[in-house]
Amino acid sequence: MTFNWNYMLSLLSDVDFWQATWTVIKLSLLTWAFSIVLGFILALAKQSPRKLFNAPARLYIWLFRSMPLLVLLIFVYNMPQALPSFAPVLNDPFWAGLLAMVLSEAAYIAEIHRGGLLSIPKGQSEAAARSGCAMPVPSGAW
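Okay, so the sequence shown: first residue is 3 according to the numbering used here, each after it adds one.
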């Protein structure tokens, strides 16, 4: 079996191919943007000494990091059957996919942010405070 170059080149003139490409780009950029914001909030909550913030963040990160994305996609897309009030939004595959991917990726990005926050030495935080930084640099003791 050989690669069919003619078919691949014919895709470049196909309107459906470019619409699908644009949908993937939009979905990727929106997922990235929302996941970074939610992930940072989750990372700060997980670093909090208060159980009110810490426990739900830990549960969220544990749950969504352990759940395969395909299972989450199927669950979110079928959620309107259990909760009909979500039907107008989640019956659209784009929005259901966006929600599932944001929920999953935010958990991974939260761990990335948390690792970055923990890697800041305490001395750097103190030096930033002494040099007059308006916002203190976060240390590992949130």
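Note that the Cβ used here is the ideal one computed from N, Cα and C, for glycine as well.
Fair warning: this is a prediction, and the values are worked out from it, not measured in the lab.
(1) Quick check on DSSP: helix, strand or coil for residue 117?
(2) Considering only residues of the same chain and omitting the five flanking positions on each side of residue 106, which have a CB-CB separation below 6 Å?
(3) Does residue 85 come out as helix, strand or coil in the three-state DSSP assignment?
(4) Alpha carbon to alpha carbon, how far is residue 53 from residue 8?
(5) Got a sec? Which residues, its chain only, sit under 7 Å from residue 116 by beta carbon, not counting five neighbours each side?
(6) Kindly give me the distance between the Cβ atoms of residue 96 and residue 40, rounded to whole angstroms, as I take these residues to be in contact under 8 Å.
(7) If we count the other Cβ atoms within 10 Å of its Cβ and call it buried at 16 or more, is residue 33 buried or exposed?
(8) Rounded to whole angstroms, what is the Cα-Cα separation between residue 154 and residue 31?
(9) Just mark residue 108 as buried or exposed, buried being the case when its beta carbon has 16 or more other beta carbons within 10 Å.
(10) Can you tell me the Cα-Cα spacing of residue 77 and residue 102, whole angstroms?
Reading off the structure:
(1) helix
(2) 66, 71 and 74
(3) coil
(4) 60 Å
(5) 45, 48 and 49
(6) The pair is not a contact, with the Cβ atoms about 19 Å apart (cut-off 8 Å).
(7) buried
(8) Examination of residue 154 is not possible in this model, given that the chain is present from 3 through 144 alone.
(9) buried
(10) 9 Å
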